[in-house]
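A.B. asks: Right, I'll just put the structure down here and ask away after.
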Amino acid sequence: MRNFIIFRKKENKKNTSLKKFSKSDMFWGYSFIAPSILSFLIFNFIAIIASFLISFTDWRLIASPNFVGLANYQKLFTDPVFPKAMINTAIYTFFSVPLGVFMALLLAVVLNQKIRGLPFFRVLYYTPAISSSVAVAMVWMWIYSTDYGILNYILGLFGISPVDWLNNTKTVLLAVSTVSIWKDLGFKIIILLAALQDVPKDMIEAAEIDGAGWWKRLTHITMPLISPAIFFVSVTGFISAIQSMDLVYNMRFEQDGGPARATTTMAFYIYQVAFSYLRMGYGTTLAIIMFLVILIITYIQWHVRKRFIYLESD
Amino acid sequence: MKKILFITLIVCVFALSACNPSQDTESGETDTITEGETSDIESEMEEADEGEADEVEEESVWDFNADPVTISVLSFFSTDDLSVEQSVVDAFAEAYPNINVEYDNLAFGDYFDFLVTNIAGGVVPDVMAMNFEQGARFAAMGALEDLTPYIEAENYNLDKYFTSTVDMHRHEGIQSGLPATFSIVVNFINKDLFDEAGIAYPDETWVWEDLIAAAKEMTKDIDGDGIIDQFGYIAGWWPNFVFQNGAQIINDEGRCGLNTPEAIEGLQIYVDITLDSEQKIAPDRSELNDAGDWDRFQGGSVAIIPTGPWAITPFKENIGDSFEWDVAPFTSINEPSTLMYGNSYTMSSTSEQKAAAWEFIKFATGERGSTLRQSGGYEISPIREIATSDFISSLNGVPENAHYILDATSYATLPCAHPLWQEMHDIIWPELEMALQGTKSVEDAMSTACQAVDALLEEYGY
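So the sequences go chain by chain: G and U.
Start counting the first sequence at 1427; every next residue gets the next number (this note's numbering).
Start counting the second sequence at 16; every next residue gets the next number (this note's numbering).
Quick look at the structure:
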C-alpha cells in the first residue's frame, strides 16, 4: 500500500475527477475484485438472464427461436415426466443429504479422537470425493451386480436372495443415492473435522471439571460450536443433490434415466430435454423451476438456522 | 456448479447463434418412407447380378482451375478403424487438388451432441455424415440442404444405388443426402454350441418355432448354481418384435400403432422369452446389465444373436479362434422382417461452399469412395455392383455364409425415422421396460405409451 500512496502523491498535480478516482484506494479495491465480478457477470448473471429469456421461446438450437409466451410453463402441467423427475429428485435429496450429513458427523467425531493411523483414515475417507464419478459408477455397478456383485454375495451369506439393485424401479434410486452419500462423505468430513478441531480445548476441559460426561460435552459444547459447519455442509449438500446428474447418468448402461424413468432426476431430465430432444425453451423452463426450488429450500434453511446455530446473529 | 456450467453453455450457444443466419424450416408435402415398408432391394440385387455395370465416372461440372476452396467434413464412419474413411478423404483430396478438406471423425455416441452444439454455434460442417433417423430430425429443422436440384442439374445417376437406400434419406420432400452405407440385422450363430447340442445350423427354412426349440435346448445352467450361464438367443432391439409380427410403430394415419393386437402379441413374445421361466431363451434386462449381449456372444455363451454387419470386424478380432461362428438368416416370428439401417453424407443448408461440398458427397458416396469404404469392411455399400462383388470378398471367408446378409435385403424393413423419434422412443421404452420387468402388462404399457405418443405428435403438429 505504501507504494500506491507514494505513487498517488507524485501524480497529484492534474486533477480531473476521473483521474482522481483512478488513483484512489477505491479504484484499486475495485480492480482487485474485478476479475471475479466480471466472470460472475459474464458466465453466471447474463447466463441466468438468458436462460430466463430462452424459456419463453421454442428455440431448438438449430433454427432461430420464436417467442411462445408461457407455453413452456403450461407444458409443465401436462408433461407426465416432470412430476416424476421432481419426486425422484426429492427422494434422492431427502435420502442422501440427511443421512450423509449424519454419517459424516459420526465419522468426523471418530476421526477427531486420538487413534492410531489417523492420517491413513483421513486419506481413505477423502479418496471417493476426489475420484472421477465415472470410475465410482463403474465400481459400484459391479458391487450392485445381480449375479456377480459383492453386495448380493454378502446378502446371500445371510440367506437373502439376490436383489437386482440397478434394474429394479423400487431399488435403483436409493442404490444410486447411497453411492452419492459414499462419494460426498469425504468432503463433508473434512469440513466438520476442521470445525471440530477449532473447538477450544479449555472449554471441553472446563466442562469436564464441572462433571459433564462425554455425551453432555458433545451435545452442549461441541455440537453448538460446530453448528455453522453442519449448516454449511447441509446447504451445499442440498444444492448439489438437487442438481445431481453424473451418477444417475453413469450408473445405467443405457444412460436413459431408467429403468422406466426411475432415475430421471430434474438435472437429468433438463439434459435430456435440452440436448437430446433439442428443446432449449422447455429445457431452460425446467432449469428455472430447479433454480426456484433450490432458492426456496436454501431460503428456508437460511431462516431456520438462527434457531439452531450457536453464535449467529442477524 | 453444474448448473452454472450448464447455464454457461446455454448462453454461449445462444450468443453465438445470433451469427447463424435464420433457416427456413418450411417444407413441402411429406414424402418419407414409412417404417414397416418392405424394401425392394432383392429384386435389384438380382438385377445387378445379371446386368451390366453402370458407367463409373459421372460428368463433373467442377472447375479444376478455380481458386482453391476449403470444406469441412464431419463423419462417424469407421471409428473402429479411422484409416478407412480417411482413405476416402485422401482419395478425394488427390482427385480434387483445389478443394482442401478439413476432416474430422467422431465416435457415433458423441457425434450428434457435437454436431448440434456446433450448428447452434454457427460452426457448421459443410458435409456431415448422417444416419437416416437423425437425418429426419435435422431435415425437419432445416439444417440440411435439399440435394434434388443438384441431382437434377447434372442428371446425376441414382440408379446405381439400391433404390431404398436413396429413398430412406428423403425426409419431408427433401433428399437430405446420398447413401454411403447400409446394414441389416441377421442372426449370428455360435457353431460350436450348435454342434455340441447336435442341432443343424439355421437356414432359410427355419420358422420361429424352430428357433425357439433350438434356443431352448441351448439355454442352460451349466454349473447348477441356479444362474443361467448359456443362452440360446438374445432378444434384439424391441421394434423388431413389432415389425416381425406385422405391426407398425407409427401407423398409416401417422399415429401410434403399438396398441394393436399384433404389436402387443409381438412385444409379449419379447417379454416371455426373457422373463417367463418356462419360455426363457434369452437374458432379461438385469442379466444383460451384468454382461452385455455382445460380451456374452464373444465369450461363447450365446448360441444366436441378432445383429448387423457392423459386428463382423469386432467379432473377428475378439472371438479369434476360440469358437466357430457364422451368419444365418434372421428368423422372424410371423412375417419375414428384419431391420435395415442406412447412413449418408449430407450437406449443410448454410454451407458457403455448396458446389465443393456436392463434389465431395458425390465422390464419397460414389464408386471410388464406396469401394474404399467397402474394402475396409465398414457396413455394406449401397451401390449394387459393389455390394454384390466387394462386400463378400472383403470378408475373406469369415463369416462363411455372409451372403445371408445380402439375402436379408429381400425382407428388410426400415425402422422408425420420424423427426420426433427420440422423444417417442423415450416415451415407449420406459413403459416397455415395466412390461419387461413384469410390473405392468404389455397391453397396459402400450396403451399408456400410445396415449402419450399421440399427444406428443399432436402437440408438434404431426
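Glycine included, every Cβ here is placed at the ideal spot set by N, Cα and C.
Let me make sure I understand the geometry here. Which of U:434, U:350, U:323, U:372 has the alpha-carbon closest to that of residue 392 of chain U?
C.D. replies: U:323
A.B. asks: Give, in chain order, every residue of the stretch 118-143 of chain U whose Cβ lies closer than 8 Å to some Cβ of chain G.
C.D. replies: Taken in chain order, the members of the stretch 118-143 of chain U whose beta-carbon sits within less than 8 Å of a beta-carbon on chain G are 128, 131, 132, 134, 135.
A.B. asks: Would residue 1585 of chain G count as contacting chain U if we go by Cβ distances under 8 Å?
C.D. replies: no
A.B. asks: The stretch 442-461 of chain U: which residues have C-beta closer than 8 Å to a C-beta of chain G, in chain order?
C.D. replies: 444, 445, 446, 448, 449, 452, 454
A.B. asks: If we define contact as Cβ-Cβ less than 8 Å, is residue 1610 of chain G a contact residue for chain U?
C.D. replies: no
A.B. asks: Could you give the distance in angstroms between the alpha-carbon of residue 1429 of chain G and the alpha-carbon of residue 1449 of chain G?
C.D. replies: With a pLDDT of only 48 at residue 1429 of chain G, under the threshold of 50, the placement of this residue in the model should not be trusted, and no figure is reported.
A.B. asks: Does the Cβ-Cβ distance between residue 337 of chain U and residue 315 of chain U come in under 8 Å?
C.D. replies: yes
A.B. asks: Which same chain residues end up closer than 8 Å to residue 376 of chain U when comparing Cβ atoms and leaving out the 5 residues on each side of it in sequence?
C.D. replies: 142, 162, 192, 193, 360, 361, 362
A.B. asks: So which of G:1623, G:1545, G:1528, G:1643 has the shortest CA-CA distance to residue 1630 of chain G?
C.D. replies: G:1643
A.B. asks: Does any heavy atom of the ligand ATP sit closer than 7 Å to the C-beta of residue 145 of chain U?
C.D. replies: Questions concerning the ligand ATP fall outside what the structure shown contains, since it holds no ligand whatsoever.
A.B. asks: Relative to chain G, which residues along the stretch 231-256 of chain U have a C-beta separation below 8 Å, given in chain order?
C.D. replies: 242
A.B. asks: What residue range is occupied by the uninterrupted beta strand (DSSP E) comprising residue 196 of chain U?
C.D. replies: 192-199
A.B. asks: Where residue 1532 of chain G and residue 1710 of chain G are concerned, what is the direct C-alpha to C-alpha distance, given to the nearest angstrom?
C.D. replies: 39 Å
A.B. asks: Tell me, please, whether the CB atom of residue 1428 of chain G is closer than 8 Å to any CB atom in chain U?
C.D. replies: With a pLDDT of only 46 at residue 1428 of chain G, under the threshold of 50, the placement of this residue in the model should not be trusted; the figure read from the coordinates follows. No, its Cβ sits nowhere closer than 8 Å to a Cβ of chain U.
A.B. asks: Can you name, in chain order, every residue of its own chain whose Cβ lies under 6 Å from the Cβ of residue 89 of chain U, other than the five neighbours on each side?
C.D. replies: 119, 140, 143
A.B. asks: Would you identify the three-state DSSP class for residue 470 of chain U, choosing helix, strand or coil?
C.D. replies: helix
A.B. asks: I'd like to know if residue 1458 of chain G contacts chain U, where contact means its C-beta is closer than 8 Å to some C-beta of that chain.
C.D. replies: no
A.B. asks: Under a CB-based cut-off of 8 Å, is residue 1574 of chain G close to chain U?
C.D. replies: yes
A.B. asks: Please report the Cβ distance between residue 259 of chain U and residue 281 of chain U, rounded to the nearest whole angstrom; I am assuming they are in contact, meaning their Cβ atoms lie under 8 Å.
C.D. replies: Contact flag correct, Cβ pair sits at about 7 Å.
A.B. asks: What residues in its chain sit with their C-beta under 7 Å from that of residue 1662 of chain G, if we drop five residues either side in the sequence?
C.D. replies: none
A.B. asks: Which class does residue 1701 of chain G belong to by DSSP, given the choice of helix, strand or coil?
C.D. replies: helix
A.B. asks: In angstroms, rounded to a whole number, what distance separates the CA positions of residue 471 of chain U and residue 269 of chain U?
C.D. replies: 12 Å
A.B. asks: Alpha carbons only, please: which of U:179, U:82, U:147, U:81 is nearest the one belonging to residue 399 of chain U?
C.D. replies: U:179
A.B. asks: Given 8 Å as the limit, is there contact between the stretch 1688-1695 of chain G and the stretch 1475-1485 of chain G, that is, 3 or more CB pairs closer than that?
C.D. replies: no
A.B. asks: From residue 319 of chain U to residue 294 of chain U, what distance separates their C-alpha atoms?
C.D. replies: Taking the straight line from one Cα to the other gives about 16 Å.
A.B. asks: Over what stretch of residues does the alpha helix (DSSP H) that includes residue 1610 of chain G continue unbroken?
C.D. replies: 1598-1623
A.B. asks: Give me the chain G residues within the contact set of residue 210 of chain U, using Cβ-Cβ distance strictly less than 7 Å, ordered along the chain.
C.D. replies: Per Cβ cutoff of 7 Å: no residues; residue 210 of chain U is ~27 Å from chain G at best.
A.B. asks: Taking C-beta to C-beta, are residue 401 of chain U and residue 418 of chain U nearer than 8 Å?
C.D. replies: no
A.B. asks: Using the rule of at least 16 other Cβ atoms within 10 Å of the residue's Cβ for burial, across every protein chain shown, is residue 175 of chain U buried or exposed?
C.D. replies: buried
A.B. asks: Does the distance from the C-beta atom of residue 1726 of chain G to that of residue 1653 of chain G stay below 8 Å?
C.D. replies: no
A.B. asks: Counting pairs of Cβ atoms below 8 Å between the stretch 376-385 of chain U and the stretch 338-352 of chain U, do you hit three or more?
C.D. replies: As far as the Cβ criterion goes, the stretch 376-385 of chain U does not touch the stretch 338-352 of chain U, which means the pair count is below three.
A.B. asks: For residue 368 of chain U, which residues of its own chain have a beta-carbon under 7 Å away from its beta-carbon, when the five flanking residues on both sides are left out?
C.D. replies: 84, 86, 141
A.B. asks: Assign residue 1536 of chain G to one of two classes, buried (16 or more other C-beta atoms within 10 Å of its C-beta) or exposed (fewer than that).
C.D. replies: exposed
A.B. asks: Taking only beta-carbon positions, decide if residue 304 of chain U is within less than 8 Å of chain G.
C.D. replies: yes
A.B. asks: Would you check if there are 3 or more beta carbon pairs closer than 8 Å linking the stretch 1565-1575 of chain G to the stretch 421-435 of chain U?
C.D. replies: no
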